[in-house]
Amino acid sequence: MTRTLRRILLVLAALALGAAAFLAFGHKPGAGATQAAGGVDWSLPSPAAVELAAADEVWMSRAPWGALPRPTNAEPPPPPPPVPVGIVASGGKFRALFVVPGGAETRAGAGDALPDGGRVLEVSRFRVTWVDGQGTKHEQELLADPLPQVATP
9 MTRTLRRILL VLAALALGAA AFLAFGHKPG AGATQAAGGV DWSLPSPAAV ELAAADEVWM
69 SRAPWGALPR PTNAEPPPPP PPVPVGIVAS GGKFRALFVV PGGAETRAGA GDALPDGGRV
129 LEVSRFRVTW VDGQGTKHEQ ELLADPLPQV ATP
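Following my numbering, the numbering of the sequence shown begins with 9 at its first residue and continues without gaps.
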């Protein structure tokens, strides 16, 4: 017999031995696998009831995920100041176009009142000067100065 034929016969003998063992032992269930005919008396245990009211109180008092803590006083924040965004010429007069963040737009000329209680002092071709509701004087040159940054609520 050649060396290759011996290897082939060895593999075939191993396969035949495995098939015979399966036929003798592997096709029947074992003796320990029998079940009761009436069904199963076991079920999953129910989870223990957890009282979450105390945890909710702590969660609300702290600032989760790096957020700012909730304010304790309930006074509303002041309205955002109007921001000048343009100048409109009509009838030889210049009027400033103000936008209130989260609100509507307002056209106001020199001497007119603003929504936050301020007053427009002067409007020229590219410059607006006004006093806000707190009494602070502002001056904005359009197309040259950046618009003021206002935090929106």
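Ideal Cβ placement from N, Cα and C applies to all residues, glycine included.
Problem - Own chain residues within Cβ distance below 6 Å of A108, not counting five before or after - result: Residue 108 sits at position 100 when you count from the first residue of the sequence shown. It should be pointed out that residue 108 corresponds to Val in this sequence rather than to Ala. The residues are P90, P123.
Exercise for the section: Tell me E65's beta-bridge partners as DSSP assigns them. Expected result: As a working note, residue 65 is residue 57 in the sequence shown. By DSSP's assignment, E65 forms no beta bridge with any residue.
Handout entry: Euclidean distance between Cα positions of M68 and A112
Key = Residue mapping note: residue 68 aligns to position 60 of the sequence shown, counting from 1. Residue mapping note: residue 112 aligns to position 104 of the sequence shown, counting from 1. One C-alpha to the other measures close to 35 Å.
Exercise for the section: Tell me, to the nearest whole angstrom, how far the beta carbon of G126 is from that of V139; I am working on the premise that it is less than 8 Å. Expected result: If you number the sequence shown from 1, residue 126 lands on position 118. If you number the sequence shown from 1, residue 139 lands on position 131. About 5 Å separates the two Cβ atoms, so the contact holds.
Handout entry: Q148, buried or exposed, once every other Cβ within 10 Å from all chains shown has been counted against 16
Key = Residue mapping note: residue 148 aligns to position 140 of the sequence shown, counting from 1. So Q148 counts as buried.
Handout entry: Check whether V93 and L76 have beta carbons under 8 Å apart
Key = Residue 93 sits at position 85 when you count from the first residue of the sequence shown. Residue 76 sits at position 68 when you count from the first residue of the sequence shown. Cβ atoms of V93 and L76: not closer than 8 Å.
Handout entry: Cβ-Cβ separation, G119 to R103 (assumed contact under 8 Å), whole Å
Key = Reading the sequence shown from its first residue, position 95 is the one you call residue 103. Reading the sequence shown from its first residue, position 111 is the one you call residue 119. Wrong, their Cβ atoms sit about 11 Å apart, outside the cutoff.
Practice task
Please go through the same chain and pick out, in chain order, the residues whose beta-carbon is closer than 7 Å to the beta-carbon of L129, but skip the five residues on each side of it.
Solution key: Along the sequence shown, one-based indexing puts residue 129 at 121. Contacts found: A118, T137, W138, V139.
Handout entry: Best match in I95, S132, G100 for proximity to T114 [C-alpha to C-alpha]
Key = Indexing the sequence shown from 1 puts residue 114 at position 106. Comparing Cα positions, the closest option is I95.
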